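A.B. asks: Sharing a structure, written as structure tokens. Questions coming.
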Amino acid sequence: MSAKKFSARGRTLVSSLVIGGIALSGLGGAVALAAPSDDDIARAKQAEKNAEGSVADIEVKLAQNTAKSEEAIVAAQRAGERFAQASVAADAASQRAQKARKDADEAKKKVEEARKSLGDVATTVYRQSGSLASVAPYLNADGLETVEMRRVAIELFGGKADQKMQTFSAMQQVANVIEERANKAEATQRAAAQAMQNRANAAQQAADAATAARQSTAQRRTELIAQLAKARGTTAELEAKRQEELDRQRRAREAEAARRALATQRAQEEARRVAAQQAAAQQAEAAQEEEQSAPAPAPAPAPAPAPAPAPAPAPAPAPAPAPAPAPSGGGDAVVAAAASQIGVPYVWGGAARYSGLDCSGLSMTSWAQVGVDLPRTAQQQYTWGVNSGRGVSINNLRPGDLVFWGDGGGVYHVAVYAGGGEIIEAPYPGATVRRVGLYYGNLMALGVRPA
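Residues 1 to 451 in full-length UniProt numbering are what the sequence shown spells out, letter by letter.
Given below as structure tokens:
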């Protein structure tokens, strides 16, 4: 029951008491009811006021409850994006470490080949002199390091041996450098793997917190709606429907406010862009005027004219390059690919269709179905799209475009725009891929049209 209805009911009750008292007093010998006192009226008004305050307080708590759940979800999305970024960094570090170790192994192999070549020379010396004692220092990893040893080796082996020693020495130095590089790459790989594990732990904690928040807020919402129904004199079912409508209206107001803010932001960005273009044009014009106003140099004496050669035939114009074909199916095919994943569970770092996906895994694999390769994380997809001129205003979205959410810490979520004001997203841990209305909280002003 609304406060207005309660107020009317209170006044009706007071009036009924007064009228009833008068009517009963007119019945001779009947029991007379006293008119309500000022204290009775004051208590009734206070009860009405208390009920109004209770309703308002419960509605505030319901709004706070909803906000708490939404904040927990955003925190989980941020943690998921950080994990995805750490996973990409760990994969890259692993690939670099594997390549560096392969290079180091190949360098060691070449050193051993050079050492074997020196051994062949040493064998020749042995056959000639009958002893390896004088060349033994040059056949181990610590040899060939001093000028004196090098001088003796040249005397023993001659010029050809000197060339082999130079080759061996150079290869040994290169191998040492490559080995050091491989060791550093492997250390970086271990650090990246540990960072990924730390992000995974943090992401799991955020996911657990989001799940707990959703569960506790759902329970608290049920309790508050029951209290609200009691205060209003209605049923919990009716109050639940009423709160759903209030939530819908709140989201609509937030969406409209966000749209206005985004439009203002885009207008400001456009104004800055136009101003920059005008400033550049003015500078170019001023430079051109300055160049034209400079005195022209005295003309050089004209040389004797040479006989004009026969004009060459004009070359045939080159055919215009054919435009690159658009991906088969375009945005509608991307939407269909994303929609086919509805119901697939959210998985940290997931990029496996029909098995498990995170938000950027969904967008990446959906566009891959039409032959377009996207970067791995939401932040990378946004940066790549905007920097490559693929950014589009939120007001000009087409099916298949990517929409992003972010804040001062960067982009943390991406979804596929499905058209009609709806998106397809892998929302957060514990949920599945779904199709929902586009929501505007922390929505970025630019989307991305990959192709």
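By construction, the Cβ of each residue, glycine as well, lies at the ideal position given by its N, Cα and C atoms. Note that the coordinates shown come from a computational prediction; the quantities given were computed from them, not determined experimentally.
Anyone know if the C-beta pair for Gly391 and Val448 falls short of 8 Å?
C.D. replies: Position 391 of the sequence shown, counted from the first residue, corresponds to residue 391. Position 448 of the sequence shown, counted from the first residue, corresponds to residue 448. Taking 8 Å as the Cβ cut-off, Gly391 and Val448 qualify as a contacting pair.
A.B. asks: Within the present structure, is the beta-carbon of Leu62 separated from the nearest heavy atom of the ligand PLP by less than 7 Å?
C.D. replies: The ligand PLP is not part of the structure shown, which contains no ligands of any sort.
A.B. asks: In the DSSP assignment, find the unbroken beta strand (DSSP E) run with Tyr346 in it and report its ends.
C.D. replies: Within the sequence shown, the letter at position 346 stands for residue 346. Careful: Tyr346 lies outside any beta strand (DSSP E) and carries neither H nor E.
A.B. asks: Could you compute how far the alpha carbon of Thr211 sits from the alpha carbon of Lys68?
C.D. replies: On the sequence shown, position 211 is the one that residue 211 refers to. On the sequence shown, position 68 is the one that residue 68 refers to. Taking the straight line joining both Cα atoms gives about 12 Å.
A.B. asks: Beta carbon of Glu244, beta carbon of Tyr440: below 8 Å?
C.D. replies: Within the sequence shown, the letter at position 244 stands for residue 244. Within the sequence shown, the letter at position 440 stands for residue 440. No, these two residues do not count as a Cβ contact at 8 Å.
A.B. asks: Just checking, does the stretch 82 to 95 make contact with the stretch 368 to 384 on the three C-beta pairs under 8 Å criterion?
C.D. replies: The stretch 82 to 95, when compared against the stretch 368 to 384, does touch it at the 8 Å Cβ threshold.
A.B. asks: Determine, using beta-carbon pairs with one atom in the stretch 205 to 224 and one in the stretch 426 to 436, whether at least three such pairs fall under 8 Å.
C.D. replies: Because the criterion of three Cβ pairs below 8 Å is met, the stretch 205 to 224 and the stretch 426 to 436 touch.
A.B. asks: Just how far apart, CA to CA, sit Leu62 and Ala252?
C.D. replies: Here the question's residue 62 lines up with position 62 in the sequence shown. Here the question's residue 252 lines up with position 252 in the sequence shown. Rounded to whole angstroms, Leu62 to Ala252 spans 17 Å at the Cα level.
A.B. asks: Alpha carbons only, please: which of Ala104, Gly80, Ala72 and His413 is nearest the one belonging to Val177?
C.D. replies: Locating residue 177 in the sequence shown gives position 177, counting from the first residue. The shortest Cα separation from Val177 among Ala104, Gly80, Ala72 and His413 belongs to Ala104.
A.B. asks: What is the DSSP secondary structure of Asp373, counted as helix, strand or coil?
C.D. replies: The sequence position of residue 373 within the sequence shown is 373, counting from 1. Looking at Asp373 - three-state DSSP - the assignment turns out to be coil, as it is neither helix nor strand.
A.B. asks: Could you check which residue in Ile424, Glu285 and Leu118 has the C-alpha nearest to that of residue 456?
C.D. replies: The chain is shown from 1 up to 451; residue 456 falls before or after that span and cannot be answered.
A.B. asks: Name the DSSP beta bridge partners of Arg435, please?
C.D. replies: Taking the sequence shown and counting its residues from 1, the one referred to as residue 435 is at position 435. Arg435 pairs with Ile424.
A.B. asks: Can you grab the Cα-Cα spacing for the pair Pro323 / Lys108, in whole Å?
C.D. replies: Here the question's residue 323 lines up with position 323 in the sequence shown. Here the question's residue 108 lines up with position 108 in the sequence shown. Here the model assigns Pro323 a pLDDT of 38, short of 50, so the residue's position is not dependable, and the following value carries that caveat. Going by the C-alpha atoms only, they are around 50 Å apart.
A.B. asks: Express the C-alpha separation of Gln173 and Asp120 in angstroms, rounding to a whole number.
C.D. replies: Residue mapping note: residue 120 aligns to position 120 of the sequence shown, counting from 1. Residue mapping note: residue 173 aligns to position 173 of the sequence shown, counting from 1. The alpha-carbon atoms of Asp120 and Gln173 are separated by roughly 21 Å.
A.B. asks: Quick check on Thr222: buried or exposed, where buried means 16 or more other Cβ atoms within 10 Å of its Cβ?
C.D. replies: Position 222 of the sequence shown, counting from 1, holds the residue named residue 222. Thr222 comes out exposed.
A.B. asks: Starting from Tyr412 and walking both ways along the beta strand (DSSP E), at which residues does that stretch end?
C.D. replies: Within the sequence shown, residue 412 is the residue found at index 412, counting from 1. Run containing Tyr412: Gly410 to Gly419, per the beta strand (DSSP E) assignment.
A.B. asks: With respect to the alpha helix (DSSP H) encompassing Asp247, which residues constitute its N-terminal and C-terminal limits?
C.D. replies: Taking the sequence shown and counting its residues from 1, the one referred to as residue 247 is at position 247. Ala236 to Ser293 is the span of the alpha helix (DSSP H), which, as asked, contains Asp247.
A.B. asks: How would you label Asp401, buried or exposed, when you count the other beta carbons within 10 angstroms and need 16 or more for buried?
C.D. replies: Within the sequence shown, residue 401 is the residue found at index 401, counting from 1. When all chains shown are included, Asp401 counts as buried.
A.B. asks: Which residues bound the beta strand (DSSP E) around Gly406?
C.D. replies: Position 406 of the sequence shown holds residue 406. Unbroken beta strand (DSSP E) run through Gly406: Leu402 to Asp407.
A.B. asks: When you compare the stretch 95 to 103 with the stretch 185 to 203, are there three or more beta-carbon pairs, one atom per stretch, that lie closer than 8 Å?
C.D. replies: Flag = yes, the stretch 95 to 103 and the stretch 185 to 203 touch.
A.B. asks: Which same chain residues, not among the five before or five after Arg259, have their C-beta less than 7 Å away from its C-beta?
C.D. replies: Indexing the sequence shown from 1 puts residue 259 at position 259. The answer, listed in chain order, is Tyr440.
A.B. asks: Figure out for me which residue from Val372, Ala426, Thr234 and Leu397 has the closest Cα to the Cα of Gly419.
C.D. replies: Here residue 419 refers to the residue found at position 419 of the sequence shown. The candidate whose alpha carbon is nearest that of Gly419 is Leu397.
A.B. asks: May I ask which residues mark the beginning and end of the alpha helix (DSSP H) holding Gly447?
C.D. replies: Taking the first residue of the sequence shown as 1, we reach residue 447 at position 447. Looking at the DSSP string, Gly447 is not in any alpha helix (DSSP H); the run it does join, the beta strand (DSSP E), is Leu446 to Val448.
A.B. asks: How would you write the range of the alpha helix (DSSP H) that Ser360 sits in, first residue to last?
C.D. replies: As a working note, residue 360 is residue 360 in the sequence shown. Counting along the chain, the alpha helix (DSSP H) containing Ser360 begins and ends at Cys359 to Ala368.
A.B. asks: I'd like the list of long-range same chain contacts for Arg167, defined as Cβ closer than 6 Å, with 5 residues on each side in sequence excluded.
C.D. replies: What you label residue 167 is simply residue 167 of the sequence shown in a count that begins at 1. Here residue 167 turns out to be Thr, not Arg, going by the sequence shown. Hits under 6 Å: Ala114.
A.B. asks: Taking Ile58 as the reference, which of Ala229, Arg96 and Glu269 has the closest Cα?
C.D. replies: What you label residue 58 is simply residue 58 of the sequence shown in a count that begins at 1. It is Ala229.
A.B. asks: Grab me the residues of Ala415's own chain with a C-beta within less than 6 Å of its C-beta, minus the 5 sequence neighbours each way, in chain order.
C.D. replies: For the purposes of this step, residue 415 is identified with residue 415 of the sequence shown, where counting begins at 1. Excluding residues within five positions, the ones whose Cβ falls inside 6 Å are Val403, Ile423 and Glu425.
A.B. asks: Near Gly406, which residues of its chain fall below 7 Å by C-beta distance, leaving aside the five closest residues on each side in sequence?
C.D. replies: Position 406 of the sequence shown, counted from the start, is the residue given in the question as residue 406. Tyr412, Asn442 and Met444.
A.B. asks: Taking the alpha helix (DSSP H) that Gly430 falls in, what are its first and last residues?
C.D. replies: The residue labelled residue 430 in the question sits at position 430 within the sequence shown. Counting along the chain, Gly430 falls outside any alpha helix (DSSP H), and DSSP gives it neither H nor E.
A.B. asks: Skipping 5 residues on each side, what residues in its chain have a beta carbon closer than 8 Å to that of Arg96?
C.D. replies: Here residue 96 corresponds to residue number 96 of the sequence shown, with the count starting at 1. Within the same chain, Arg96 has close Cβ partners Ala185, Thr188 and Gln189.
A.B. asks: Note down the Cα distance separating Gly106 from Ala337, rounded to an integer number of angstroms.
C.D. replies: Numbered from 1 along the sequence shown, position 106 holds the residue referred to as residue 106. Numbered from 1 along the sequence shown, position 337 holds the residue referred to as residue 337. One detail in the question is off: residue 106 reads as Glu in this sequence, not Gly. If I take the Cα positions, the gap works out to 45 Å.
A.B. asks: Could you tell me the distance, in whole angstroms, from the CA atom of Leu232 to the CA atom of Val55?
C.D. replies: Here the question's residue 232 lines up with position 232 in the sequence shown. Here the question's residue 55 lines up with position 55 in the sequence shown. According to the sequence as given, residue 232 is Arg; it is not Leu. Those two C-alpha atoms are separated by around 7 Å.
A.B. asks: Pick from Tyr382, Cys359 and Ala352: whose alpha carbon is nearest that of Gly410?
C.D. replies: Position 410 of the sequence shown holds residue 410. Out of Tyr382, Cys359 and Ala352, Tyr382 has the C-alpha closest to the C-alpha of Gly410.
A.B. asks: Quick one: Cα of Val436 to Cα of Gly421, how far?
C.D. replies: The count along the sequence shown starts at 1 and reaches residue 436 at position 436. The count along the sequence shown starts at 1 and reaches residue 421 at position 421. Val436 and Gly421: Cα-Cα distance of roughly 9 Å.
A.B. asks: If you reduce the DSSP assignment to three classes, tell me which class Leu224 lands in.
C.D. replies: What you label residue 224 is simply residue 224 of the sequence shown in a count that begins at 1. Leu224: helix per DSSP, three-state reduction.
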